[in-house]
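Notes follow the structure.
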Amino acid sequence: ENSNENSNENSNENSQVANDVGSGGELRAHVRKCCKGVQCGSHDGNIQVGWLRIEAQQHTMMESECDCEYEPVFLDSWVKAREDGNLFEWQALSALYRIRIDNGEQNQNQNQQQQQQQQQQQQQQQQQQNRDYISHPFGPNSPSWPNDSNLEPVDFANALALQLNVDQQSRFVGVEDIRACQIVTVVPTGGTLVLFDSATVPHEVLETQQGNRMAIAGWYHEAQQDFPEWYGGSDSMETRSADSS
Numbered sequence: 001e002n003s004n005e006n007s008n009e010n011s012n013e014n015s016q017v018a019n020d021v022g023s024g025g026e027l028r029a030h031v032r033k034c035c036k037g038v039q040c041g042s043h044d045g046n047i048q049v050g051w052l053r054i055e056a057q058q059h060t061m062m063e064s065e066c067d068c069e070y071e072p073v074f075l076d077s078w079v080k081a082r083e084d085g086n087l088f089e090w091q092a093l094s095a096l097y098r099i100r101i102d103n104g105e106q107n108q109n110q111n112q113q114q115q116q117q118q119q120q121q122q123q124q125q126q127q128q129q130n131r132d133y134i135s136h137p138f139g140p141n142s143p144s145w146p147n148d149s150n151l152e153p154v155d156f157a158n159a160l161a162l163q164l165n166v167d168q169q170s171r172f173v174g175v176e177d178i179r180a181c182q183i184v185t186v187v188p189t190g191g192t193l194v195l196f197d198s199a200t201v202p203h204e205v206l207e208t209q210q211g212n213r214m215a216i217a218g219w220y221h222e223a224q225q226d227f228p229e230w231y232g233g234s235d236s237m238e239t240r241s242a243d244s245s
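Heads up: the sequence shown at position 117 corresponds to 117 in the UniProt record's numbering, and the numbers run straight through without jumps.
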């Protein structure tokens with residue numbers, strides 16, 4: 001009898017602890033397998049708007065789509081182009097680009113510190129050269145762009161895909177698309193710190209089933225891009241500026 005009483009008391013205590021701890025409220029993230037050697041989220045101030053499945057990667061029937069590797073696609077919103085009907089005015093169009101991948105080929109005789117120094121020295125020069133533009137410049141008035149200015153995420157991704165060639169369209173997915181994503185679930189245990197890129201990782205907080213759940217969320221924002229010097233200007237203004245200097 002004493003054994004049963006003690007067992008019941010322990011069970012009640014454990015149940016009370018479980019009620020205090022709570023259940024549910026997990027953070028669920030949908031992540032993609034990114035190829036090595038490139039950064040996700042943003043590049044040189046340009047936000048990532050999609051993924052491109054690696055073309056050269058061969059998959060067997062036994063492999064899942066979740067095992068596919070993807071590379072990020074970025075949106076450059078400051079492509080310098082002539083204003084329609086005006087040869088002297090500039091306008092800003094957009095274009096999609098990927099980052100050229102060097103497959104990690106480096107001199108094996110270099111130590112890690114030398115490689116880091118070399119990468120830092122070349123970073124500024126390579127930011128522009130590393131871009132591989134995969135679309136023509138486009139804007140809200142382009143024939144391939146929808147007339148609706150308030151596009152839902154799926155429609156926005158489809159509109160971006162239309163700017164690509166047929167092969168790339170079949171391999172492109174928007175950042176909000178969670179199909180073929182790996183699911184990562186984080187239990188809200190006290191003292192847990194989770195860092196992730198909220199722009200490229202679709203995420204949700206599951207419903208709290210029992211007890212109380214509390215979390216503190218914050219964001220790191222990148223610096224706002226400056227307007228290019230040519231934006232809103234013209235050739236005549238640039239000429240006068242050059243003459244005055």
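Just so you know, even glycine gets a beta-carbon here, dropped at the ideal spot from N, CA and C.
Judged by DSSP secondary structure, S135 falls outside any beta strand (DSSP E); it is assigned neither H nor E. With a threshold of 16 other beta carbon atoms within 10 Å, R82 falls short and is exposed. Here E71 is buried. Its C-beta has 16 or more other C-beta atoms within 10 Å. Here the alpha carbons of T208 and N150 stand approximately 33 Å from one another.
Closest option to G37, judged by alpha-carbon separation, among A223, R28, E69 and G190: E69. Per the DSSP secondary-structure output, T208 pairs in a beta bridge with G24. The segment 190–202 makes contact with the segment 23–35, as at least three CB pairs between them are under 8 Å. In the DSSP assignment, N46 is bridged to H43. Annotation: H221 to I47 spans about 12 Å, alpha carbon to alpha carbon.
The bridge partners DSSP lists for S94 are F138. Closest in alpha carbon position to Q39, among A199, R213, A223 and A217, is A199. With a contact defined as Cβ atoms closer than 8 Å, E176 and P202 qualify at about 6 Å.
In this structure, DSSP gives A161 a helical state, which the three-state scheme calls helix. For the pair G50 and V73, the CB atoms are nearer than the 7 Å cut-off. Linking F156 to N212 through their CA atoms gives a straight-line distance of about 37 Å. For Q225, no alpha helix (DSSP H) encloses it, and the DSSP letter there is neither H nor E.
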